[in-house]
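Going left to right, the sequence shown walks through residues -22 to -1, 1 to 197 as mature numbering (1 follows the signal peptide of the UniProt record, and there is no 0) numbers them. All residues carry an ideal CB built from backbone N, CA and C; glycine is no exception. Worksheet: one structure, shown below.
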Amino acid sequence: MQRVLRPLLVCCVLLLNGCGYSAIESASDEVDAAWEEMLVQYEYRDTMVGSLVGTLARYVPDQPALTQRVRMAREQASIPPPSTAPAEAEELHQFQERQAVLSNALAKLMDAAESHPLLVKGEALDALQRQVDDSQNRITAAQARYIRAVGAYNNKIKRFPGSLTARWLGRDSMPNMQIRHQARDSLIPPPQFDVRPAQQRSSGKDGNALMPALGLAAG
């Protein structure tokens, strides 16, 4: 019996390899690895944002709405993501939107800190900016890897003979990320600051001058 089964098993393995089974599995593993790497970079940013917001709150203590907005965006972005690459487009879209909200809020907070006339600019702020830039570069690189991995996987299961194997295995194409290139300056109007003495601002006419420039409603 073994003499009969062994050649059949070898033939099945060769047939599957010839139909792209190994290539599909390898491409699927690469997608999962790219997804895990991207989550690692987002987790790194989440940790960095926690300490960064605390530091910037000391730089611009008169604008608590700014730091609060980042904290709220951070909470939304920290919702546990799928442990593996999302198979549904809506799930991936929601994940990406939560991260985009945090990115935008963080960029506005950094612009406010850099533009604040009372902020003592020096090594501390430069170090924070380098951390933000480094984190964003890591995220961008991880996103690019994920996009390439998903694209390669989808190509393998759509082209013959991989399409036959994918159909037999019940594999479907995966949704991919959409990278939106936005001009930062076009999103963030120049902040307007009220630098009058505290006695004049205490009259209630300070108007939270920075908030309108950042799209925030005064509390």
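Beta carbon of residue i nearer than 8 Å to that of residue j
i	j	result
Ala63	Val9	yes
Arg23	Ser113	yes
Ala120	Gln19	yes
Ile135	Arg116	no
Gln109	Met26	yes
Ala83	Ala35	no
Limits of the unbroken alpha helix (DSSP H) element including residue i
i	result
Asp150	That residue, Asp150, is in no alpha helix (DSSP H); it is neither H nor E in DSSP.
Pro42	42 to 55
Glu68	67 to 93
Same chain, Cβ closer than 8 Å to residue i, neighbours up to 5 away in sequence not counted
i	result
residue 241	No answer is possible for residue 241: it lies beyond the span of the chain, which begins at -22 and ends at 197.
Ala105	none
Ile125	Asn154, Met155, Ile157
Nearest-angstrom Cβ-Cβ length linking residue i and residue j, presumed shorter than 8 Å
i	j	result
Gln137	Glu15	The question names Gln, but residue 137 is Arg in the sequence shown. With a Cβ gap of about 26 Å, Arg137 and Glu15 do not count as contacting.
Leu103	Ala90	Incorrect: roughly 12 Å between the Cβ atoms, too far for contact.
Leu70	Met155	7 Å
Pro59	Leu17	6 Å
Beta-carbon proximity list for residue i, same chain, < 6 Å, skipping 5 on both sides
i	result
Gln54	Arg76
Sequence-distant residues of its chain with Cβ nearer than 7 Å to residue i (five each side left out)
i	result
Ser6	Tyr131
Ala176	In this prediction, Ala176 has a pLDDT of 37, which is less than 50 and means its spatial position is unreliable; what the coordinates show is noted afterwards. Hits under 7 Å: none found.
Trp13	Thr62, Ala63, Tyr124
* **Three-pair Cβ contact test at 8 Å for the segment 42 to 61 versus the segment 127 to 138** => In short, these stretches do not touch, since the Cβ pair count stays below three.
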